[in-house]
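In my numbering, the protein residues as written are 13 to 1186. Think of the CB as a built atom: it goes at the ideal place given N, C-alpha and C, for glycine as much as any other residue. Here the structure is a predicted model, which is why all the values come from computation and not from measurement. The next block holds one structure in the form of structure tokens; read it before the comments.
Now the structure itself:
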């Protein structure tokens, strides 16, 4: 039964939609005056009542009875056909109406009883009804009975995996760490397999181990790779991903041989940890090929694999398999209780705890199942509801691939959510989808059922989506805040329940599609051809065709596909870059609701797009060649979502105002757009208008008429014509973010009050911008006073304000929700507002205040109701404040100080600041001071600091010693560094990155004092002579990976004749005394990147100093005017990239074919000479 679907379970909501269509005005007009009128509707109603009552029973029985499963699939197939027919009737009726407006009188002929189309439809309607009635008659023979009642389903849950949500894995974690951090296994590369069934927590355990501090310190290199394909081990993709992990560089253009050789050299002599998550393949040949470059690592290197398959572990593992067991009853109960009860407290719900423990035992003590069941039961507080779950027959299923607990989570979904969830089977595993994207797809498929006439379809979709998130069926992705992903097991569940109605063409899977398949997605693989789609042409009832990721299909194939799929509701050709024009066959798709052509190379839309009367969503973002829309686009009266972002459109046609259903218009980054239609005010249903990054200079007239507008990214004030700021007052539903530009254009202060920002309680972010200087400071202050926002505001930005002081509302403690504030370019202000009173403020940026001289008590404000000012602040920036000379610290009578939680402090280009930084910043981790020429102050006490940057003209900052936990230090002309280095009595164990610039007194740098240093850069240190103070220092023991030396002319002796042994990247600039380079044994064999810049007297490259560089991949030679030739012996064979520029003698010898050195470099794949690719 592994491939038996539960797809028919959501048919109840499908029936509702069908019945609504039968009762619709279009259908009534179609059958008006005909004998079948009332009888047809009665038959539909009777059929609905008969089927609706037994669907719940059929859903549960079909898991164990194949006949019921087949009955449900046939019923669902018939419903799809009925819906297609009713949709065709509605389309014909609407098209007739549209053509009548154009003077083509077809309404009477459509309504006429002699209309041949109507006669054909009647026949097809009767056939479908008879088919449905025949299926209904079989319900008794199948033993289906009616069930009554529906359970509530609102369950809040988290989708974020963190240590606080992990139970019972401490012993497992310690056992794996012990296996990792020991010197056993001799020189063999140890492979540690973690084995367990799906949902048991293998990945979670591997993540806990991977992020443990002891593991981080033990391994020099760590990489995490999720194995992409369960069918086969893609050796070269995994190799590429490992390289990306350890180098942070793209490797997409490299050959398999290059990938393996580079990985071998990158890992050579280094202890590494590689985690391969979710391995399915145990083929010996592929595994050996993958392992080959990994064996170059140092002794103690480890590979951890997670797998569900015991044979994989036994064949691949080199140590005994670690079998991850289920949780103990106690730990499983704790995890379940965390999700099922508020605060994990079960004692307040009498009678539920014992039932819950029985349910936990039934879920097999699997973490994923316990979490899903806990979320399922969170809002069910009645004993009978819990008992119903406990006694459900779904527990008896023996299917091994889908956990019964997860099936049960699906079974508990209301019917409308079942359809939405099972549709997600079109998404490949690990695909991150946007919330808005999925809601638009649901809408196109007709899955969104209005719960009330006042609720928009988009709002219904939003509720559906949030419900699925609350049940842990969707989890937040790694991309934007609105991106989501399905766990692999949840994806399996969606595929299982959708059965043959959804089909994903991915990998090397053949296209075995059936006539019942309605939803199809395609994930491109290399070398795909049109033959791959031959099996899909017969799917004439297909509703969804989506190209996932970047795709390129032959135009002939696309024409054929569109000609065959006349029932399509969703067509996504996103990133279909090879097409410059859409095929005319697009006009055949009369059912189409969703069309995505984003990033295509089209220059215009075909005229017949205008007859796609059902179209709801049109996405054209990043169609950069598209410069004009046809005027006929105004005929798309059902269009709700139009995305033109990133196109080259200059003007929108006036007909756009006829799109009476339009809710969303996206014009973001339409950088050629200069004006909006004058009739925009007719779009009274518009909810979202995004005009960021355009050339618009004014708003269209009467924009205040768009009273339903909820998102308006920008409002542009104009004195002459356009919209007056008063019109903002009419837009009472605005939410999220609003930017008001050109406030200098407001003539009368009273006009600003008309914006009524105080009444916009749903607005979260507000930006107020003056774009040019004004000569009326009082007017600017009055305008800002009138733009008082609602206290719910979370982010505020004020830019270019010309007033001499801020109104009282800026910084008022009543704005308790503000978390971020930016004040910039307020050049006339002599004091700052009392921002310390903002209890929730976390991020504060103050820049370009030309009039501020002192920051003092007024900045901290009244703290009578707070323990200390800026009690929540994490990030503070002061930049470009030329007159600021004093910062007065805050100290309360009770000893409390300001900024108790401040983590990052940036002070840049404040040349007059002289004394007194805050003396105590206990939470500070990042400090940057630059451009503060007069500053003479001790650094604050900051025991937690890990990153520090002190720039040259801040040279009087007093630094007595380096903070003990410092990881990164950047100093630019900072004189105090000498004495600090001189006082160091023992090695500094935490610093990993040091950059020193413009230091005129640094003569010797004690490299041996920084054993954990990985990156070291020197620039313009004129008397620097040595990189090691102690004569006995063994630089081979350093971890230094990257070294850059720029314009340090006295550093003529490199580290006593050798660079650190593990160095991978070396840049040398301005070594003017060097004639021959490099000396023999100077460079380590681990080097993979060497850059030689500005060696004015260099004449020869010494082959004896290069021949051992078997890891070298990149060589750059720049501005070496005396360099005569390449070594006659050639360059290292490992080299894959060579660049030669500003070397006139050498450039002549490197010319393709005719240069004397061409024979020595022609084998190198990537060659650049004189800044041009050769």
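- Per DSSP, residue 455 is one residue of the alpha helix (DSSP H) stretching across 447-457.
- For residue 384, no beta strand (DSSP E) segment is defined; the enclosing uninterrupted segment is the alpha helix (DSSP H) at 379-389.
- Apart from sequence neighbours up to five positions away, the residues of its chain that approach residue 766 with a beta-carbon distance below 6 Å are 738, 741, ordered along the chain.
- DSSP, read as helix, strand or coil, puts residue 620 in helix.
- Cβ neighbours of residue 619 within its own chain (closer than 7 Å, five residues either side excluded): 642, 644.
- Within the segment 292-334, the alpha helix (DSSP H) runs of at least 4 residues that lie entirely inside it are, in chain order, 296-303, 322-328.
- Taking the C-beta atoms as reference points, residue 1000 is found no nearer than 8 Å to residue 1017.
- Taking all protein chains shown into account, residue 873 has 16 or more neighbouring C-beta atoms within 10 Å of its C-beta and is therefore buried.
- Excluding its 5 nearest sequence neighbours in each direction, residue 794 has C-beta neighbours in its own chain below 7 Å: 761, listed in chain order.
- When C-alpha distances from residue 914 are compared across 896, 938, 926, 893, the shortest belongs to 938.
- Under the 8 Å Cβ criterion, the segment 651-661 counts as touching the segment 677-690, having at least three qualifying pairs.
- Taking one beta carbon from each stretch, the segment 252-266 and the segment 183-197 have fewer than 3 pairs nearer than 8 Å; the two do not touch.
- Counting along the chain, the unbroken beta strand (DSSP E) around residue 753 starts and ends at 748-753.
- When the alpha-carbon of residue 504 is set against those of 462, 1083, 442, 1161, the nearest one is in 442.
- Contact between the segment 461-480 and the segment 528-536 is absent: fewer than 3 CB-CB pairs across the two stretches fall below 8 Å.
- With a cutoff of 8 Å on beta-carbon distance, residue 1088 and residue 1114 are scored as near each other.
- Per the C-alpha coordinates, the member of 56, 843, 860, 891 positioned closest to residue 869 is 843.
- By the beta-carbon neighbour count (other beta carbons within 10 angstroms, threshold 16), residue 686 is exposed.
- According to the DSSP assignment, residue 341 belongs to no beta strand (DSSP E) but to the alpha helix (DSSP H) extending over 341-352.
- Rounded to whole angstroms, the gap between the alpha carbons of residue 751 and residue 820 is 21 Å.
- Three or more beta-carbon pairs drawn from the segment 670-677 and the segment 696-713 are found closer than 8 Å, and the two stretches are therefore classed as touching.
- DSSP places residue 639 in no alpha helix (DSSP H); its state is neither H nor E.
- Between residue 324 and residue 291, the C-beta gap is smaller than 8 Å, which places the two residues in contact.
- One thing to note: residue 305 has its Cβ within 8 Å of the Cβ of residue 279.
- Under the three-pair Cβ rule at 8 Å, the segment 831-838 counts as touching the segment 853-863.
- Uninterrupted beta strand (DSSP E) stretches at least 3 residues long and entirely within the segment 916-981 occur at 916-920, 938-942, 959-962, given in chain order.
- Shortest Cα-Cα distance from residue 63 to any of 86, 77, 78 involves 86.
- In the structure shown, residue 764 adopts helical secondary structure according to DSSP, grouped into three states.
- A straight-line Cα-Cα distance of about 59 Å links residue 1053 and residue 697.
- The segment 307-314 and the segment 336-354 do not touch, with fewer than three beta-carbon pairs separated by less than 8 Å.
- Residue 1183 counts as exposed, since fewer than 16 other beta carbons sit within 10 angstroms of its beta carbon.
- If the five residues before and after residue 73 are omitted, its C-beta is found closer than 6 Å to the C-beta atoms of 80, all from its own chain and listed in chain order.
- Per DSSP, residue 269 is one residue of the alpha helix (DSSP H) stretching across 268-279.
- Ranked by Cα distance from residue 1020, the first of 200, 315, 1051 is 1051.
- Check the Cα spacing between residue 214 and each of 318, 184, 137, 249: the tightest is with 318.
- Here residue 1178 is bridged, per DSSP, to 1149.
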